[in-house]
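Read the structure below first, then the notes.
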Amino acid sequence: SSLKNASLNHKKKIDADYETARTCYAAALSAAPNNEHALLSAATFESNFGRISQARALFQRAAKANPRNAATYVAWAQLEERVIFDHDQEKDSFSARNRTQHAIFQARRLYDQALRAHPSNTRALTAWARFELKRANNATGALRLLRQASRVRSGGKRGGGYRGGCVDAIVFASLGEIYWHNLKDFDQARTAFRRGIAVDSTHPRSYLSWANMEAKQGNLNQARELIQQGIWGATNGVIDKPALAELWRAAARFAAAQHDTPEKTRDAFRHALELCVAPAELSDRPHHAERVFLEWHDYERSLPPNLSRASSVLNDAANTLPAQASLWKALATSSRHGNDFISSSYSDKNNIISGSPSSSSRYPNSRSASSVNSPAAP
């Protein structure tokens with residue numbers, strides 16, 4: 343079938359690209375076997391492709407080449423996080439649970455080493471906090487680490503209680519999310535998001551998370567204003583295409599939910615897709631474009647019958663992302679069920695920003711547009 347052939351061709355291309363890149367890394371390391379940057383880059387590459395043992399060996403070499411590089415330990419810890427996730431898929435297995443506990447220990451040890459190498463590294467603190475929250479279910483430890491990060495002075499010095507010192511917006515966005523999701527302290531969350539925007543008005547995540555929280559609290563006008571501010575702010579900085587695409591996607595969902603003109607809603611979807619379908623984004627994050635396509639398709643289906651527009655969106659999606667099986671499935675389902683193939687995405691006010699399309703639909707993109715030896719949980 344065409345779907346099977348497309349998926350097979352996509353896999354062959356990925357395999358070929360992997361072997362080409364691996365050959366280049368091998369040549370670089372042959373010329374400079376102790377170059378920490380080449381070692382870290384090669385280790386991260388192997389980690390991204392799931393080659394766990396190869397990645398660990400390269401991380402070990404990178405750490406030996408420069409024991410003071412916190413980035414090496416953070417990237418290595420994130421590899422161990424992947425191991426935890428893989429083992430979590432086998433929760434009923436006693437041996438899998440033991441491996442998970444060992445991986446948690448290893449990740450904490452590596453994060454601890456990162457902070458010993460660079461105690462004021464806010465990215466290491468934030469990464470460790472994310473690990474404690476997502477992998478170890480330790481919100482208290484995550485909050486402690488983020489509070490520590492928020493007290494770091496700019497310029498690399500420890501800040502103690504210096505209130506204006508930290509200039510890393512990710513710290514405050516992460517703090518806000520914990521106050522919101524885990525502690526249900528909405529005022530503290532707003533304070534954290536506001537500080538994140540104050541230190542970096544171009545950082546999209548602060549706007550997105552804050553807007554999402556306000557939308558779920560029923561403050562739709564404030565949420566929509568935050569999304570618009572985020573688009574203006576993110577466009578003025580070094581553009582993070584995936585994050586800016588998420589802002590435009592949220593703008594499209596608001597426009598649809600609040601019954602703006604179809605052209606205004608389509609324009610927001612179009613902006614999101616233009617960011618998602620750049621070659622690098624299609625290669626690394628095809629699901630971003632897929633999600634926008636599917637939501638655009640659902641939107642067209644929600645309007646007074648105009649099946650040709652909805653079908654056109656799905657056809658563009660399948661042609662742009664031929665290896666995404668869900669798009670071909672959506673196309674087939676749409677052909678069979680006609681007007682019954684409509685998502686409820688735009689009838690749920692709590693689902694405006696973070697909601698995902700219905701499982702029966704997927705959108706294509708448009709061509710137009712602790713101690714080292716015994717680390718404890720924090």
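Going by the working numbering, the sequence shown runs without a break in its numbering and finishes at 720. All residues carry an ideal CB built from backbone N, CA and C; glycine is no exception. Predicted model, so just to flag it, every value in this text is computed and none were measured.
Check Arg410 in the structure and name its three-state DSSP category.
Annotated three-state conformation of Arg410 is coil, per DSSP.
Could you tell me which whole beta strand (DSSP E) segments of length 3 or greater appear in the region 544-569?
For the region 544-569, there is no continuous beta strand (DSSP E) assignment of 3+ residues that stays within its boundaries.
Could you tell me if Pro647 is buried or exposed, where buried requires 16 or more neighbouring beta carbons within 10 angstroms of its beta carbon?
Pro647 should be labelled exposed.
Given Leu487, which residues of its chain have a CB within under 6 Å of its CB, disregarding the five upstream and five downstream residues?
In the same chain as Leu487, and ignoring 5 residues on each side of it, the C-beta atoms closer than 6 Å to its own belong to Leu467, Trp470, Ala471, Pro720, in chain order.
Which whole-angstrom value is the C-beta distance of Ala407 and Leu381, which I expect to be below 8 Å?
At roughly 6 Å, the Cβ-Cβ gap stays under 8 Å, so Ala407 and Leu381 are in contact.
Hey, Ala553 and Ile569: beta-carbon distance below 7 Å or not?
Contact flag set, yes.
Considering only their Cβ atoms, is the gap separating Arg566 from Val634 smaller than 7 Å?
No.
Proximity to Phe391 [Cα-Cα], best of Ala358, Gln666, Pro375, Phe535
Nearest neighbour of Phe391 by Cα position, chosen from Ala358, Gln666, Pro375, Phe535, turns out to be Ala358.
For His601, count neighbouring C-beta atoms within 10 Å of its own C-beta (all shown protein chains included) and say buried if the count is 16 or more, exposed if not.
Classification for His601: exposed.
Output the boundary residues of the alpha helix (DSSP H) element that contains Pro664.
Element bounds for Pro664: n/a, residue is neither H nor E.
Measure the CB-CB distance between Gly538 and Ala576 and report whether it falls below 7 Å.
No.
Proximity to Glu637 [Cα-Cα], best of Arg595, Lys606, Leu663, Trp670:
Nearest option by C-alpha distance: Arg595.
Under a Cβ-count criterion, where at least 16 other Cβ atoms within 10 Å of its own Cβ denotes burial, should Cys618 be classed as buried or exposed?
By the 10 Å Cβ count, Cys618 comes out buried.
Does DSSP put Ser516 in a helix, in a strand, or in coil?
Ser516: helix per DSSP, three-state reduction.
What did DSSP end up calling Leu485 once you bin it into helix, strand or coil?
Correct three-state label for Leu485: helix.
According to DSSP, is Lys583 helix, strand or coil?
Three-state DSSP puts Lys583 in a helix.
Classification of Ile581 by the beta-carbon crowding that lies within 10 angstroms, buried from 16 upward
With fewer than 16 Cβ atoms within 10 Å of its Cβ, Ile581 is classed as exposed.
Contact under 7 Å by Cβ, Ala445 with Val416
Result no, Cβ atoms of Ala445 and Val416 do not sit closer than 7 Å.
Out of Arg465, Ala374, Asn480, point me to the one whose CA is closest to Val513's CA.
The shortest Cα separation from Val513 among Arg465, Ala374, Asn480 belongs to Arg465.
Terminal residues of the continuous alpha helix (DSSP H) containing Asn390?
378-390 is the extent of the alpha helix (DSSP H) around Asn390.
Decide if Leu423 is buried, meaning its Cβ has at least 16 other Cβ atoms within 10 Å, or exposed.
It should be noted that the sequence gives Glu, not Leu, for residue 423. With 16 or more other Cβ atoms within 10 Å, it is buried.
Rounded separation between His561 and Glu605 - CA only
Looking at the sequence itself, residue 561 is Asn, so the reference to His does not match. Each residue's Cα considered, the two are about 25 Å apart.
Mind checking Ala385: buried by the 16 CB within 10 Å criterion, or exposed?
Its Cβ being crowded by 16 or more others within 10 Å, Ala385 is buried.
Quick one: Cα of Asn479 to Cα of Ala540, how far?
Computed Cα separation, rounded: 30 Å.
By Cβ distance, which residues of its chain are closer than 7 Å to His630, with the 5 residues on each side in sequence left out?
Contacts found: Pro584, Ala587, Cys618, Glu623.
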